[in-house]
Every structure is written in C-alpha cells, then in structure tokens.
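Student:
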Amino acid sequence: MEDESECTKPHAIMISLPYQGHINPFVNLALKLASEGVSVTFVHLEFVHHKLSKARRQNPNEFDLFDQARESGLDIQYTTIGDGFPLEFDRDLHLMEYWESFMRDFPAIVDEFIAEKIRSHPVRYFLVSDTIYWWSSIVAEKYKLVNVSLWTEPALVFSLMYHSRLLSENGHFPCKDGIVEEIDYVPGVGKISTQDLMPYLKEAESQSIITKLLSVAFENVKNADFLLHNTVQQLESETLLYLNKQLPNYAIGPINFSESPAITNNKSVVSKTSLWSESDCTKWLGSKPHGSVLYVSFGSLVQTSKQVIEEVANGLLLSEVNFIWVVRLGIAGFGDDCGDNNVLPLGFEDEIKLKGRGLIIPWCDQIRVLSNPAIGGFLTHCGWNSTLESMWCGVPMICYPIDWDQVTNRKLVVDDWKIGVNLCDNYGNKSSLDRKKVGEKIKQFMSEATWKSLKLEAVKIKQILEEAVEIDGSSEVNFGNFVKDLRAKIIETAASTVNGKLTN
Numbered sequence: 001m002e003d004e005s006e007c008t009k010p011h012a013i014m015i016s017l018p019y020q021g022h023i024n025p026f027v028n029l030a031l032k033l034a035s036e037g038v039s040v041t042f043v044h045l046e047f048v049h050h051k052l053s054k055a056r057r058q059n060p061n062e063f064d065l066f067d068q069a070r071e072s073g074l075d076i077q078y079t080t081i082g083d084g085f086p087l088e089f090d091r092d093l094h095l096m097e098y099w100e101s102f103m104r105d106f107p108a109i110v111d112e113f114i115a116e117k118i119r120s121h122p123v124r125y126f127l128v129s130d131t132i133y134w135w136s137s138i139v140a141e142k143y144k145l146v147n148v149s150l151w152t153e154p155a156l157v158f159s160l161m162y163h164s165r166l167l168s169e170n171g172h173f174p175c176k177d178g179i180v181e182e183i184d185y186v187p188g189v190g191k192i193s194t195q196d197l198m199p200y201l202k203e204a205e206s207q208s209i210i211t212k213l214l215s216v217a218f219e220n221v222k223n224a225d226f227l228l229h230n231t232v233q234q235l236e237s238e239t240l241l242y243l244n245k246q247l248p249n250y251a252i253g254p255i256n257f258s259e260s261p262a263i264t265n266n267k268s269v270v271s272k273t274s275l276w277s278e279s280d281c282t283k284w285l286g287s288k289p290h291g292s293v294l295y296v297s298f299g300s301l302v303q304t305s306k307q308v309i310e311e312v313a314n315g316l317l318l319s320e321v322n323f324i325w326v327v328r329l330g331i332a333g334f335g336d337d338c339g340d341n342n343v344l345p346l347g348f349e350d351e352i353k354l355k356g357r358g359l360i361i362p363w364c365d366q367i368r369v370l371s372n373p374a375i376g377g378f379l380t381h382c383g384w385n386s387t388l389e390s391m392w393c394g395v396p397m398i399c400y401p402i403d404w405d406q407v408t409n410r411k412l413v414v415d416d417w418k419i420g421v422n423l424c425d426n427y428g429n430k431s432s433l434d435r436k437k438v439g440e441k442i443k444q445f446m447s448e449a450t451w452k453s454l455k456l457e458a459v460k461i462k463q464i465l466e467e468a469v470e471i472d473g474s475s476e477v478n479f480g481n482f483v484k485d486l487r488a489k490i491i492e493t494a495a496s497t498v499n500g501k502l503t504n
C-alpha cells in the first residue's frame, strides 16, 4: 500500500512536441517542477529518444535523460512512447504526412498510456503538454486531470491565434495574400501589420494541416486550467495582462535560463537535450577579434531553398566579415541536390578556408557559441528559442524569418525592442533575397556605428531577462504562484472526485 505522502503528492505527466525548440523548455520545466517537490514522468517519443542517444553515441537501451537529476534527489522518471510510425520513417522528409497522421492517431496512444499509469500507480496526476496538442483538454477531462498548457512561443503569437475568430470577423483570417493593412482591434496587442501575421493566418495556408490543427488547439486551450508562457512579463506586459483575464496565465521565461538550483545544478541534463552531435567552435572563435564574428543559423526545423542558401553564402563572402554558419542536413530539403556536399555553392568552403574567415558546421551548442566574446551578431530565422538565446547573451540580430511564428517574432525583435535589423526590406518575400544586398546589409550591421546602437539595446533586454529569472524576479515569482495555485487546484479536483466520478 502506498504511503499517504506519495498518494497526495502532485505528479506531472509531461509531453512536448518532438522538436528542439519545444524539448528544451519542457526539460527545464520538468527540473523546476521537481525542485518544488512535484513528481514528474517525462514522456519522449521513441524516435526522439533514439536521436538523443545517437547524438551522444550511447546505447538507446541505456540512455536516460534524467538519470543524473535523480541522483541529485529530483523525482523525475523518464519513459518513451511510440508515435504510430516506425523508427526508420523519415519524419522530416514527409513532414506534412507525419503531422496529419501524428495528430490524428497520437491522442489514442497518449490516452492508453495515461490510462495504464492511473491503473498501475494511482496518484494525483496532472497533465503538462504543448499548447499545440489539440487533444490535451479532451484527455485531461476524461481522466479528471488538472490541465497545464505550455506555450513555447511569445505571448503575441498566442494572442493572435487565440483571437483568430475576431480576426476572421474583421476579414483578416484567412488574411488575403499581398494585402498590407494595419490591425488595431486585437485586445492587448496594439497595432500590427498584416505583413507581420504568422503564415498560417494567411490565405495561402488557410487549408493546410498546420492551420487546421492550430485552430482546433486554440479552441481547446480555452479549457486549460493553467497556461504557462516562455516569455518575460516586462517584455509583453499588455498582451499578458489581457490574456490573464481569459484564463490563468503565468510568464515564466526564459525557462532555459532559470536561476533555480534545479537548473543550475543539473546542467548535465540540459546538455543532453540536443538532437544532433555538436561541433566545438571554441578554438576557431578564440583566434578571432572581440565582436568580429557573425553567427548564422536557421534553426533545427525550418527548410528554405537552395537558392536562398546560395544567396546567403555569396552575401557572406561579399561582406568580408568572419562567420560561423550552421548548415544542418535538410536545411534546403532532402532532394538529391541538397545533401551535405551539394547545398553550398561550388568551391565555397575551399574559399572560406583559404581566407580563414568562415567555418561551416552541421550543429553546435548555440548558447556556448553566442556567449563567446568573439560573436558580434546573429543572422537568424527568428525561431523563438534562438531569439531568447540571443537576447540572453545580449547579441544583436539580423532577421530572416522563414516560417511558423518567425515573421511575428521579427516584429518584436526589430520594431518593438530595437535589437535587430531585417536582412531584406521585403522580409515577407523570399524571392527578394539578393547576394549583393545581403552582403551590404551584413557589412552595415557589423559596422561600428550600427552595431553599437543595437548592442546598447540588446544589453538592456539582456538585463531584463536576467532580472526576471533571479530568485525574486517576475518569472520566478510567477512560477512560485503557479505551483501554489496548481497544488490548490489539484486538491480541489481530487476533493470533487468520488470513485472516479465527478460529484454533482
């Protein structure tokens, strides 16, 4: 028979989307919850588990993401479940097919997993899942679980999706392609151009599987008990203030940089979240002057065209600046002409090696690179994880948004916070990228006058982030309030349940 303390102890079942920008904050959130006396069962998809173990050259049967966390006294169990596809299925090559089947079939897999957990080990479970998982509220309601939704992107993006019905009523969802209008009626958002709306709010993608899934997800998230944001209250205060009137919201970001002892004492856990082997750039960076290197990366997921890669490559040469460029496998698709050796212009790598100005790598520890004093700027796709990491390191950005939330994130970086510039003026039109203009923009960005003004603002933002995650900072206070409210809600839910049925 279980002792009373274990029976009454809150126990999180955590499930993230299987992508790098979602895995990182989920892992850090698991550590923070465990440090507050919460038991955690962290669930990874089997193919993600295999990628993590492969990146570390470990046997997947022996790899455990949280083994060292348990040794430090944290109650975190690590397990895996399938996603309905064989391990060898190429989820990147068949992305849309994967998403459609995954989001249709995965809920039943999760349902079965949770049912078995409750049968075999009946404690006070609650669910922590990615907001994009549309089925979360349905599963939580079925098993009478407190439902916690983690949104890994900025509150601005959440609010725009949350108000998609309002956008639709005003003719802006789906938003007609090529139309440039100002939107000023979304509560808590202020003014935003239709150019800055996410692609899945545009007409061209209105029937895509992603748009359909997000629409359903944002209807269901209204039933969540708690919503966590990986952002900082001081940076998106108006948006968060309004959202908090709709459901309990807590800005607890940047989660990956919390000063909580659970995070700082378990860096070894966090270091094991990379899906690819990491190149060490320390020696190369050590040979370059302070602030002279441009770091270039388009993230872990998005794909662009081979033409874009060629224009960026030639632009880097024309700029004559030092650079490190992450060119991961699949950045320009997976066709026969897009392999490791074909995506870059012929002779490009030989030329940069000869001049000693550039380094091409498949993947790296991005924080380690961005925090190196030789780094002066970041040419980024504006994924939220990358954006937060650049902000944390006080590194100005050149923005080239490609997909998802990135064009809206660009607005925050360039227009609102003044810590970056656009790579191209017509940032919504990928065909407008030109090597000569790319070279000029990079050269201007890295020039002393431009860089200093951007760096000044970047340092201010860095300070806001650092203060937010201090023990008495807004994000840590918000997290403490969330845990307190969570415990109260779990007790309330348990009290209203008798023999598995809600009392009337």
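With UniProt numbering as the guide, the letters of the sequence shown map in order to residues 1 to 504. Quick reminder that beta carbons are idealized off the backbone N, C-alpha and C, glycines included.
Tell me which same chain residues have a C-beta within less than 7 Å of the C-beta of T239, skipping the five on either side of it?
Tutor: By 1-based counting over the sequence shown, the position of residue 239 is 239. Closer than 7 Å at Cβ, skipping near neighbours: A155, L156, S159, G188, V189.
Student: Apply the 10 Å Cβ neighbour rule to residue 507 and answer buried if 16 or more other Cβ atoms are within range, or exposed otherwise.
Tutor: Within the shown structure, residues of the chain are numbered from 1 to 504, placing residue 507 beyond reach of any answer.
Student: Go to M446, then tell me how far its alpha helix (DSSP H) extends in each direction, as first and last residue.
Tutor: Residue mapping note: residue 446 aligns to position 446 of the sequence shown, counting from 1. Where M446 is concerned, the enclosing alpha helix (DSSP H) stretches over 435-446.
Student: According to DSSP, is H11 helix, strand or coil?
Tutor: Within the sequence shown, residue 11 is the residue found at index 11, counting from 1. Correct three-state label for H11: strand.
Student: Would you decide whether I461 is buried or exposed? Buried here means 16 or more other CB atoms lie within 10 Å of its CB.
Tutor: The residue labelled residue 461 in the question sits at position 461 within the sequence shown. It is buried - the Cβ of I461 has at least 16 other Cβ atoms within 10 Å.
Student: Would you report the Cα separation of I13 and N426, rounded to the nearest angstrom?
Tutor: To locate residue 13, count along the sequence shown from 1; it is residue 13. To locate residue 426, count along the sequence shown from 1; it is residue 426. Rounded to whole angstroms, I13 to N426 spans 43 Å at the Cα level.
Student: Enumerate in chain order the residues of its own chain whose CB-to-CB distance from N341 is below 8 Å, with the five nearest sequence positions on each side excluded.
Tutor: Start at 1 with the first residue of the sequence shown, and residue 341 comes out as number 341. Caution is warranted here: a pLDDT of 49 is assigned to N341, below 50, making its placement in the model unreliable, and no coordinate value can be reported.
Student: Hey, quick one: how far does the beta strand (DSSP E) through W151 stretch, first residue to last?
Tutor: As a first step, residue 151 must be located in the sequence shown, where it is residue number 151. 146-151 is the span of the beta strand (DSSP E), which, as asked, contains W151.
Student: Consult DSSP for T41 and reduce its assignment to one of helix, strand or coil.
Tutor: Taking the first residue of the sequence shown as 1, we reach residue 41 at position 41. In this structure, T41 counts as strand in the three-state DSSP scheme.
Student: Buried or exposed: which applies to L354, given that a residue is buried once 16 or more other Cβ atoms fall within 10 Å of its Cβ?
Tutor: Taking the first residue of the sequence shown as 1, we reach residue 354 at position 354. So L354 ends up on the exposed side.
Student: Considering only the beta carbon of each residue, do P257 and W134 sit closer than 7 Å?
Tutor: Residue 257 sits at position 257 when you count from the first residue of the sequence shown. Residue 134 sits at position 134 when you count from the first residue of the sequence shown. The question names Pro, but residue 257 is Phe in the sequence shown. Against a cut-off of 7 Å, the Cβ pair of W134 and F257 comes out as no contact.
Student: Can you tell me which of A55, P289, G84 puts its alpha carbon nearest to the alpha carbon of M446?
Tutor: Residue numbering aside, residue 446 sits at position 446 when the sequence shown is read from its first letter. If we check each option's Cα against that of M446, P289 comes out closest.
Student: Could you have a look at N322 and say whether DSSP puts it in helix, strand or coil?
Tutor: The residue given as residue 322 occupies position 322 in the sequence shown. DSSP places N322 in strand when its eight states are reduced to three.
Student: If you follow the beta strand (DSSP E) that M397 is part of, which residue opens it and which one closes it?
Tutor: If you number the sequence shown from 1, residue 397 lands on position 397. Start and end: 397-399.
Student: If you compare alpha carbons, which of F106, L167, T408 is closest to I138?
Tutor: Residue numbering aside, residue 138 sits at position 138 when the sequence shown is read from its first letter. Among F106, L167, T408, the Cα nearest to that of I138 belongs to F106.
Student: Is it right to say K51 is buried, meaning 16 or more other beta carbons lie within 10 angstroms of its own, or is it exposed?
Tutor: By one-based count along the sequence shown, residue 51 stands at place 51. Looking at its Cβ environment, which holds 16 or more other Cβ atoms inside 10 Å, K51 is buried.
Student: At which residue ranges does the segment 93-153 contain complete beta strand (DSSP E) runs of 3 or more residues, listed in the order of the chain?
Tutor: Fully enclosed beta strand (DSSP E) runs of 3 or longer: 124-130, 146-151.
Student: For P18, I'd like the list of residues in its chain whose CB is within less than 6 Å of its CB, leaving aside the five on either flank, ordered along the chain.
Tutor: On the sequence shown, residue 18 is found 18 positions in, with the first residue counted as 1. L45, V48.
Student: Kindly list the residues whose CB is nearer than 7 Å to the CB of S101, restricted to its own chain and excluding five residues on each side of it in sequence; keep chain order.
Tutor: The count along the sequence shown starts at 1 and reaches residue 101 at position 101. Counting only Cβ-Cβ distances below 7 Å, and skipping sequence neighbours, we find G84.
Student: Since F66 contacts I81 with CB under 8 Å, what's their CB separation in whole angstroms?
Tutor: Counting from one through the sequence shown, the residue named residue 66 turns up at place 66. Counting from one through the sequence shown, the residue named residue 81 turns up at place 81. About 16 Å; that fails the 8 Å criterion.
Student: Please list the terminal residues of the continuous beta strand (DSSP E) segment that includes L294.
Tutor: Position 294 of the sequence shown, counted from the start, is the residue given in the question as residue 294. Counting along the chain, the beta strand (DSSP E) containing L294 begins and ends at 293-297.
Student: Candidates F323, H22, L379: which alpha carbon is nearest W151's?
Tutor: To locate residue 151, count along the sequence shown from 1; it is residue 151. Nearest C-alpha to W151: H22.
Student: Tell me whether H229 sits in a helix, a strand or coil according to DSSP, three-state version.
Tutor: Here residue 229 refers to the residue found at position 229 when the sequence shown is read from its first residue. In the structure shown, H229 sits in a strand (DSSP, three-state: E or B).
Student: Mark H172 as exposed unless 16 or more other C-beta atoms lie within 10 angstroms of its C-beta, in which case mark it buried.
Tutor: For this step, residue 172 is matched to residue 172 along the sequence shown. Buried.
Student: Note down, in chain order, each residue of its chain lying with its Cβ closer than 6 Å to the Cβ of N322, except the 5 sequence neighbours on either side.
Tutor: Counting from 1 along the sequence shown, the entry for residue 322 is found at position 322. So the list reads K288, S292, V293, R357, once near-sequence residues are dropped.
Student: Identify, in the order they occur along the chain, each residue of the same chain with its Cβ nearer than 6 Å to the Cβ of S149, setting aside the five sequence neighbours on each side.
Tutor: On the sequence shown, residue 149 is found 149 positions in, with the first residue counted as 1. Closer than 6 Å at the Cβ level, and outside the excluded window around S149, lie T131, V221, A224, L227.
Student: Among P10, E169, R70, which has the Cα closest to the Cα of N147?
Tutor: For the purposes of this step, residue 147 is taken as residue 147 along the sequence shown, with counting starting at 1. Closest by alpha carbon: P10.
Student: What does the alpha-carbon distance come out to for the pair S300 and I360?
Tutor: Sequence index remark: in the sequence shown, residue 300 carries index 300 (1-based). Sequence index remark: in the sequence shown, residue 360 carries index 360 (1-based). Going by the C-alpha atoms only, they are around 16 Å apart.
Student: Using only alpha-carbon positions, find the residue among A374, D111, E320 that is nearest to G286.
Tutor: Counting from one through the sequence shown, the residue named residue 286 turns up at place 286. The residue with the shortest Cα to Cα distance from G286 is A374.
Student: Excluding the 5 residues flanking T41 on each side, which residues of the same chain have their C-beta closer than 6 Å to its C-beta?
Tutor: Position 41 of the sequence shown, counting from 1, holds the residue named residue 41. Cβ neighbours of T41 beyond the five flanking positions: I13, Q77.
Student: Compare the C-alpha of W276 against each of K142, K32, Q58, G383 and name the closest.
Tutor: Start at 1 with the first residue of the sequence shown, and residue 276 comes out as number 276. Closest option to W276, Cα to Cα, is Q58.
Student: So the candidates are M96, K54, S453; which of them puts its Cα closest to the Cα of L87?
Tutor: By one-based count along the sequence shown, residue 87 stands at place 87. Selected option, being the one with the closest Cα: K54.
Student: Apart from the five residues on each side of it in sequence, which residues of its chain come closer than 8 Å, Cβ to Cβ, to K245?
Tutor: As a first step, residue 245 is located in the sequence shown; it is residue number 245 there, counting from the start. Taken in chain order, the list of residues that qualify is empty.
Student: Is C364 closer than 7 Å to C281 when the C-beta atoms are compared?
Tutor: Within the sequence shown, residue 281 is the residue found at index 281, counting from 1. Within the sequence shown, residue 364 is the residue found at index 364, counting from 1. Yes, the pair counts as a contact, with Cβ atoms nearer than the cut-off.
Student: So, does the segment 482-493 touch the segment 229-237, judging by three or more C-beta pairs under 8 Å?
Tutor: Contact between the segment 482-493 and the segment 229-237 is absent, because fewer than three Cβ pairs lie under 8 Å.
Student: Judging by CA-CA distance, which residue of S386, F89, Y295, Y143 is the nearest neighbour of Q20?
Tutor: Working through the sequence shown from its first residue, we reach residue 20 at position 20. Checked all of S386, F89, Y295, Y143; the closest Cα to Q20 is S386.
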